[in-house]
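Read through the structure below, which is laid out as structure tokens, and then see the notes.
What follows is the structure, encoded as structure tokens:
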């Protein structure tokens with residue numbers, strides 16, 4: 388049985404941030420903040436001049452003069468003058484320097500709490516180009532470069548959950564789960580005053596519970612998943628099944644069974660992927676009969692989906708081995724397993740694993756000749772195909788896998804034809820994976836995809 392793999396993913400749903408709207412030219416502080424020193428006054432004059440200067444060279448010179456005067460003020464005993472720190476922050480904002488702005492604005496807010504709202508607005512001004520730069524890195528798939536820029540954005544402005552949301556996803560994909568949880572919690576801490584970020588908030592609550600589940604911190608997982616059901620969606624199938632697994636591990640079987648029953652009662656409204664995830668959670672909880680039922684329901688909606696077939700066949704095998712059955716029950720299980728194992732082999736014909744499951748179904752029925760025939764087919768397989776990923780993804784259908792030669796001699800892999808199917812079994816798209824020479828003991832990966840939202844399954848075949 389394959390364990391449930393939940394990909395948080397870096398799906399960018401936002402465009403670039405628009406600049407924060409402020410009046411043109413210099414704006415005085417929106418709070419009571421006397422300059423308190425002639426050098427600070429001079430710095431303000433230069434900042435005002437730079438704010439109103441269109442020529443980039445002259446603007447840069449004015450900013451240099453502002454910095455020099457404000458730093459001179461610090462050297463002359465103005466360390467406790469909040470205006471020095473405030474205007475240094477304004478200077479760093481005009482330089483588009485979030486790191487410099489963060490440290491001096493923090494000092495300014497400590498010394499002049501009456502200016503906190505004004506300071507926050509300027510933090511937002513420098514946050515916008517910083518977070519936009521991070522978004523461009525994310526769009527290019529350059530997560531290494533995006534991460535420190537997102538950290539700068541989060542340091543300078545903590546009133547928007549965008550930066551910690553993407554930081555959490557990056558850390559999750561790097562398997563730094565403690566850091567992922569930390570940033571998901573930061574998303575939640577920001578709250579949902581901005582309705583455009585409500586999706587990030589909701590996802591962060593769920594993903595926190597999910598990561599705790601993967602770390603087997605069941606108490607924390609149950610708390611966060613319960614919160615998700617309370618605040619966001621009480622009928623979310625994945626939340627229900629994941630919570631059920633957590634409370635199972637905590638020993639609350641009655642609550643777990645009730646949660647699973649709730650999900651299965653929702654089956655007509657669930658899509659096949661939700662039912663598949665439900666079955667996977669049930670299997671992991673050792674509830675093989677309910678798992679098989681969930682997989683059967685999933686396959687009613689998508690009969691050719693290889694993961695559903697694979698999981699259902701394994702569920703039948705687990706039921707057969709789990710408890711003592713009557714002879715009639717054993718036969719019924721074996722017959723059902725054979726039927727679905729045949730369907731599995733039909734969509735995944737060069738998988739030794741699929742063939743072994745078919746052989747097991749024959750053996751359970753004492754069909755010795757059929758068992759031997761399948762085992763002999765496995766022995767003479769020139770190579771194996773492993774389908775590792777088979778899923779819809781944002782309008783595409785993705786197939787990823789491996790060609791493996793476990794033998795001691797090189798083999799020629801023929802062209803493999805992949806057919807992409809809808810839920811009725813109609814072939815919507817066809818792709819050919821070119822043949823190749825596969826040296827002994829080697830593995831080659833493949834990655835295929837088609838852009839078609841109606842595709843729900845795929846199968847492949849080799850020349851006869």
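In this note's numbering, the protein residues as written are 388 to 851.
A virtual CB, placed ideally from N, CA and C, is assigned to each residue, including glycine.
Of the choices 849, 697, 789 and 619, whose alpha-carbon is the least far from that of residue 803? The residue you call residue 803 lines up with position 416 of the chain shown. That would be 849, whose Cα lies nearest to the Cα of residue 803.
At which residues does the alpha helix (DSSP H) containing residue 453 begin and terminate? The residue labelled residue 453 in the question sits at position 66 within the chain shown. Run containing residue 453: 443-462, per the alpha helix (DSSP H) assignment.
Between the CA atoms of residue 541 and residue 679 - distance to the nearest angstrom: Within the chain shown, residue 679 is the residue found at index 292, counting from 1. Within the chain shown, residue 541 is the residue found at index 154, counting from 1. For residue 679 and residue 541, the distance between alpha carbons rounds to 46 Å.
Quick check on this structure: which residue in 647, 547, 429 and 413 has the alpha carbon closest to the alpha carbon of residue 481? Position 94 of the chain shown, counting from 1, holds the residue named residue 481. The shortest Cα separation from residue 481 among 647, 547, 429 and 413 belongs to 413.
What does DSSP give as the partner residue(s) for residue 807 in the beta ladder? Reading the chain shown from its first residue, position 420 is the one you call residue 807. The partner list for residue 807 (beta bridge, DSSP) reads 816 and 845.
Under 7 Å between C-beta atoms of residue 502 and residue 420: Walking along the chain shown from the start, residue 502 turns up at place 115. Walking along the chain shown from the start, residue 420 turns up at place 33. Yes, the Cβ-Cβ distance between residue 502 and residue 420 is below 7 Å.
When DSSP labels each residue in this structure, what does residue 595 get in the three-state scheme? In the chain shown, residue 595 corresponds to position 208, counting from 1. Residue state, collapsed to three classes: helix.
Taking the C-alpha atoms as reference points, what is the distance between residue 675 and residue 828? Translated into the one-based positions of the chain shown, residue 675 becomes position 288. Translated into the one-based positions of the chain shown, residue 828 becomes position 441. If you take the alpha carbons of residue 675 and residue 828, they lie about 36 Å apart.
Length at least 4, wholly inside the segment 704-766: the alpha helix (DSSP H) runs in chain order: 714-734, 739-751 and 755-766
Use the C-beta contact count for residue 667: other C-beta atoms within 10 angstroms, 16 or more gives buried, fewer gives exposed. Reading the chain shown from its first residue, position 280 is the one you call residue 667. When all chains shown are included, residue 667 counts as buried.
Assuming residue 731 and residue 693 make a contact with CB atoms under 8 Å, what is their CB distance in whole Å? Indexing the chain shown from 1 puts residue 731 at position 344. Indexing the chain shown from 1 puts residue 693 at position 306. Between residue 693 and residue 731 the Cβ distance is about 7 Å, and since that is below 8 Å, they are a contact.
Does residue 618 pass the burial test, meaning 16 or more other C-beta atoms within 10 Å, or should it be called exposed? Walking along the chain shown from the start, residue 618 turns up at place 231. Answer is exposed; the Cβ neighbour count stays below 16.
Inter-residue spacing [alpha-carbon to alpha-carbon] between residue 611 and residue 567: Counting from 1 along the chain shown, the entry for residue 611 is found at position 224. Counting from 1 along the chain shown, the entry for residue 567 is found at position 180. Rounded to whole angstroms, residue 611 to residue 567 spans 14 Å at the Cα level.
Do residue 575 and residue 592 have their C-beta atoms within less than 7 Å of each other? Your numbering for residue 575 matches position 188 in the chain shown. Your numbering for residue 592 matches position 205 in the chain shown. Yes, they are a contact pair.
What three-state label does DSSP hand residue 660 in the structure shown? For this step, residue 660 is matched to residue 273 along the chain shown. It is helical.
Inter-residue Cα distance where the pair is residue 658 and residue 716: Position 271 of the chain shown, counting from 1, holds the residue named residue 658. Position 329 of the chain shown, counting from 1, holds the residue named residue 716. Between residue 658 and residue 716, the C-alpha separation is close to 30 Å.
Nearest CA to the CA of residue 839: which residue from 792, 460 and 778? Locating residue 839 in the chain shown gives position 452, where the first residue counts as 1. Closest by alpha carbon: 778.
Between residue 509 and residue 524, what straight-line distance do the alpha-carbon atoms span, to the nearest angstrom? Here residue 509 corresponds to residue number 122 of the chain shown, with the count starting at 1. Here residue 524 corresponds to residue number 137 of the chain shown, with the count starting at 1. For residue 509 and residue 524, the distance between alpha carbons rounds to 24 Å.
Residue 643 and residue 634 - do their beta-carbons sit closer together than 7 Å? As a working mapping, residue 634 is identified with position 247 in the chain shown. As a working mapping, residue 643 is identified with position 256 in the chain shown. Yes, these two residues count as a Cβ contact at 7 Å.
Element boundaries [beta strand (DSSP E), containing residue 838]: The count along the chain shown starts at 1 and reaches residue 838 at position 451. Counting along the chain, the beta strand (DSSP E) containing residue 838 begins and ends at 830-838.
Tell me, please, which residues DSSP counts as bridged to residue 779. In the chain shown, counting from the first residue as 1, residue 779 sits at position 392. Bridge partners of residue 779: 784.
Taking only the alpha-carbon atoms, compute the straight-line gap between residue 571 and residue 613 and give it to the nearest angstrom. One-based indexing of the chain shown puts residue 571 at position 184. One-based indexing of the chain shown puts residue 613 at position 226. Approximately 16 Å between the Cα atoms of the pair.
DSSP beta-bridge partners of residue 772: On the chain shown, position 385 is the one that residue 772 refers to. According to DSSP, which records beta bridges pairwise, residue 772 is partnered with 790.
Can you tell me where the beta strand (DSSP E) holding residue 520 begins and where it ends? As a first step, residue 520 must be located in the chain shown, where it is residue number 133. No beta strand (DSSP E) holds residue 520; the alpha helix (DSSP H) holding it covers 503-526.
Residue 568 by DSSP, collapsed to three states: which one? Counting from one through the chain shown, the residue named residue 568 turns up at place 181. DSSP places residue 568 in helix when its eight states are reduced to three.
May I ask which residues mark the beginning and end of the alpha helix (DSSP H) holding residue 632? As a position in the chain shown, residue 632 is number 245, starting the count at 1. That run of the alpha helix (DSSP H) goes 624-636.
Under 8 Å: do the segment 810-823 and the segment 750-766 share three or more Cβ pairs, one atom per stretch? no
Supposed close pair residue 596, residue 629 - CB separation, criterion 8 Å: The residue you call residue 596 lines up with position 209 of the chain shown. The residue you call residue 629 lines up with position 242 of the chain shown. That belief holds up - the Cβ atoms of residue 596 and residue 629 are roughly 7 Å apart, short of 8 Å.
So residue 825 is in the beta strand (DSSP E); what residue range does that whole segment cover? Here residue 825 refers to the residue found at position 438 when the chain shown is read from its first residue. Counting along the chain, the beta strand (DSSP E) containing residue 825 begins and ends at 823-825.
Is it right to say residue 422 is buried, meaning 16 or more other beta carbons lie within 10 angstroms of its own, or is it exposed? As a working mapping, residue 422 is identified with position 35 in the chain shown. The residue in question, residue 422, is buried, as its Cβ has 16 or more Cβ neighbours within 10 Å.
Can you tell me where the alpha helix (DSSP H) holding residue 579 begins and where it ends? The residue you call residue 579 lines up with position 192 of the chain shown. First-last for residue 579: undefined, no H or E at that position.
So which of 452, 519 and 448 has the shortest CA-CA distance to residue 429? Counting from one through the chain shown, the residue named residue 429 turns up at place 42. For residue 429, the nearest C-alpha among the options comes from 452.
Between residue 514 and residue 607, what straight-line distance do the alpha-carbon atoms span, to the nearest angstrom? To locate residue 514, count along the chain shown from 1; it is residue 127. To locate residue 607, count along the chain shown from 1; it is residue 220. Going from the Cα of residue 514 to the Cα of residue 607 covers about 33 Å.
Got a sec, what are the start and stop residues for the alpha helix (DSSP H) residue 610 sits in? Mapped onto the chain shown, residue 610 falls at position 223. Residues 605-618.
Are there 16 or more other CB atoms within 10 angstroms of the CB of residue 886, so buried, or fewer, so exposed? The structure shown has nothing for residue 886, since the chain only spans 388 to 851.
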